[in-house]
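Heads up: the structure comes next, in structure tokens.
2 protein chains.
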Amino acid sequence: MNDFMVFDGINDNDVKKLLNEFNALTLHFKKDATILSNVSNTSSFFIIQEGKANIVRYNFNGTKTIIEKMDKGDIFGSFSGTIDDDLYVIAASECDIITFEYNKLISRSGKNNEAHNKLIDNVLNKIADKLTYYNERIEILTEKTIRDKLLKYFGYLSKKQITKAIVIPFTLSDLSDYLAVDRSAMMREIKYMNDDGLIQSKGRYINLKY
Amino acid sequence: MNDFMVFDGINDNDVKKLLNEFNALTLHFKKDATILSNVSNTSSFFIIQEGKANIVRYNFNGTKTIIEKMDKGDIFGSFSGTIDDDLYVIAASECDIITFEYNKLISRSGKNNEAHNKLIDNVLNKIADKLTYYNERIEILTEKTIRDKLLKYFGYLSKKQITKAIVIPFTLSDLSDYLAVDRSAMMREIKYMNDDGLIQSKGRYINLKY
DNA sequence: TATATATTGTTGCAAAAGCAACATATTTTT
DNA sequence: AAAAATATGTTGCTTTTGCAACAATATATA
């Protein structure tokens with residue numbers, strides 16, 4: 001989701017030592033393999049060392065919804081947040097997953113340990129980033145019209161990409177999912193926004209005219 | 211937001227010691243006072259010891275939106291999540307706020323400290339709870355129709371209240387805000403749901419018939 | 001390079017939801 | 001207890017959105 005790693009600022013040797021202390025395992029999964037079922041009930045902590053994974057829900061009618069797309073450096077575990085017990089983590093590509101008991105992360109041995117401090121700091125920041133991301137999405141979903149959702153989303157994107165010439169980082173189809181609106185209705189609205197001179201766009205390339 | 215406290219499982223004496231080590235301050239605010247402006251830029255960590263506070267946004271047009279209602283035991287700080295810089299924390303009642311530098315929380319003195327371990331565990335859990343809450347809201351907002359939003363919300367509520375005879379914990383007016391739909395349209399939909407035999411409701415008292 | 005698959009773009013029509021403007025009931029304040 | 005302020009309940013009308021069914025591009029795969 002974000003681009004910093006949970007081991008940033010800790011040298012490789014210290015990372016090894018920590019993982020050793022934690023009795024960490026590195027597991028390899030093939031694409032579409034189930035990494036974890038019943039997400040809310042695990043006592044383990046997971047780090048994506050390499051590859052991609054998704055948190056998904058299988059609905060009663062058999063459809064699946066991707067709750068969250070995760071990348072290298074992302075973390076998951078029971079804190080990933082849901083009261084439902086029908087959430088799974090599925091490998092979206094071949095991937096390597098580091099896992100250890102969550103308790104190991106929290107409890108400390110007697111001696112001060114810079115690496116451990118830094119790791120907890122990073123974990124807190126990772127989770128905080130997730131919170132920011134969720135918050136942003138809520139802000140967008142809370143807007144009433146499709147146009148207002150788009151404008152809010154474009155606004156955030158413009159702030160992140162530090163330009164008014166923004167590029168949607170996924171397909172327009174995915175964008176309509178993200179905004180939870182009908183794709184064709186969204187396309188229509190984008191057209192109207194062009195007509196009204198609010199934006200000037202071609203596919204995923206959008207110039208904000210305000 | 212949730213009912214456990216960030217000092218749960220730590221005895222009063224150890225709490226005092228910790229707060230002392232952290233150079234923590236306890237501040238008192240009157241209702242409607244500004245506790246913190248520019249939420250995303252603070253390096254401090256805040257705990258609501260007593261009272262209520264809201265995270266609010268003041269929109270360009272002067273309207274204010276309550277992003278989050280917080281109670282005794284809740285925490286806030288830059289991790290509270292937003293990329294915007296127009297967020298404030300406002301006292302919703304008289305309240306006492308404990309504050310200290312976030313760094314103090316993360317860094318450790320040499321000696322092993324059970325209380326400190328527990329505190330970090332609690333903080334992680336608090337943030338994780340927030341994540342759960344946000345996640346739930348996103349799930350609801352993602353539903354397309356008002357009926358589906360209501361059904362999903364009722365479902366979560368029923369799970370929490372462990373009964374099909376649920377009670378909406380705030381006004382119907384606030385509910386429409388939470389679901390981000392028009393109040394009158396929501397009322398109409400609730401009526402239709404009664405007509406269809408899906409629910410049987412009177413005001414905030416709702417019986418799920420499914 | 002041809003073929004298959006995914007993505008983007010468009011439209012008519014029907015359904016859902018928003019808005020505005022009320023009436024009525026309930027709760028809070030004086 | 002009266003008055004004021006909130007909250008709930010209702011309706012006609014209009015706008016927005018979703019749905020379905022396409023055509024046209026672009027991208028990936030054999």
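Chains as they are written, first to last, in my numbering: chain A, 1 to 210; chain B, 211 to 420.
Don't be surprised by glycine CBs; every beta carbon is placed ideally from N, CA and C.
- Membership of B:Asp-387 in the alpha helix (DSSP H) is indicated by the continuous run 382-389.
- In this structure A:Arg-108 is buried. Its beta-carbon is surrounded by 16 or more other beta-carbon atoms within 10 angstroms.
- At a Cβ-Cβ threshold of 8 Å, A:Glu-50 and A:Lys-72 count as neighbours.
- With contacts defined by Cβ atoms closer than 8 Å, A:Ile-10 and A:Lys-104 do not form a contacting pair.
- Under the three-state reduction of DSSP, A:Ala-165 is assigned to strand.
- Neighbourhood of B:Tyr-415 in chain A, by CB distance below 8 Å: empty, with the nearest CB roughly 22 Å away.
- Annotation: Cβ neighbours of B:Asn-327 in chain A (cutoff 8 Å, chain order): Ile-106, Ser-107, Arg-108.
- By the neighbour-count criterion, in which a residue is buried when 16 or more other Cβ atoms sit within 10 angstroms of its Cβ, A:Asp-12 is exposed.
- If you look at B:Val-333, you'll find it in the alpha helix (DSSP H) that goes 324-351.
- Taking 8 Å as the threshold, the shortest C-beta distance from B:Asn-221 to chain A does not fall below it.
- A Cβ-Cβ distance of about 10 Å is found for the pair A:Ala-92 and A:Ala-33, leaving them out of contact under the 8 Å criterion.
- Going by beta carbons, A:Leu-141 and B:Thr-352 fall inside the 8 Å limit.
- Rounded to the nearest whole angstrom, the CA to CA distance from B:Glu-399 to B:Ile-348 is 21 Å.
- The contact set of A:Asp-121 on chain B, defined by CB atoms closer than 8 Å, consists of Ile-316 in chain order.
- When the Cα atoms are used, B:Ala-395 and A:Asp-96 turn out to be separated by approximately 48 Å.
- Burial of A:Ile-75 is indicated by the presence of at least 16 other C-beta atoms within 10 angstroms of its C-beta.
- Per DSSP, reduced to three states, the secondary structure at B:Lys-226 is helical.
- The shortest CA-to-CA distance from B:Phe-217 to any of B:Asn-233, B:Ile-330, B:Leu-367, B:Thr-236 is the one to B:Ile-330.
- In chain order, Phe-4 place their CB closer than 8 Å to the CB of A:Asn-125, counting only its own chain and leaving out the 5 sequence neighbours on each side.
- Residue pairing by DSSP places A:Tyr-205 opposite A:Val-167, A:Lys-202 in a beta bridge.
- In this structure, B:Lys-401 lies away from B:Gln-410, with their beta-carbon atoms at least 8 Å apart.
- Going by DSSP, A:Ala-91 is part of the beta strand (DSSP E) stretching over 87-91.
- Within the segment 385-410 of chain B, the residues whose Cβ lies closer than 7 Å to some Cβ of chain A are Ala-390, listed in chain order.
- For B:Ser-247, there is no enclosing alpha helix (DSSP H); the enclosing beta strand (DSSP E) covers residues 244-247.
- In summary, A:Gly-77 is buried, with 16 or more beta-carbon neighbours lying within 10 Å of its beta-carbon over all protein chains present.
- At the C-beta level, A:Leu-131 and B:Tyr-344 come within 8 Å of one another.
- Under the Cβ criterion of 8 Å, A:Asn-54 is not counted among the residues facing chain B.
- Interface residue (Cβ-Cβ distance to chain A less than 8 Å): B:Tyr-363 is not classified as such.
- Nearest CB-CB separation between A:Lys-130 and chain B: below the 8 Å threshold.
- When the Cα atoms are used, A:Asp-148 and A:Lys-31 turn out to be separated by approximately 37 Å.
- Closer than 9 Å at the C-beta level to chain B, one finds these residues of the segment 141-169 of chain A: Leu-141, Thr-142, Glu-143, Lys-144, Tyr-156, Lys-159, Lys-160.
- In the DSSP assignment, B:Ser-394 falls within the alpha helix (DSSP H) that extends over 393-405.
- Counting along the chain, A:Ile-97 sits inside the beta strand (DSSP E) bounded by residues 95-101.
- Residues of chain A with a Cβ closer than 8 Å to the Cβ of B:Ile-337 are, in chain order, Phe-79, Leu-124, Ile-127, Ala-128, Leu-131.
- If you draw a straight line from the Cα of B:Leu-229 to the Cα of B:Met-280, it comes to about 21 Å.
- Comparing C-alpha distances from A:Leu-172 to each of A:Ile-206, A:Ile-162, A:Leu-87 shows the shortest one belongs to A:Ile-206.
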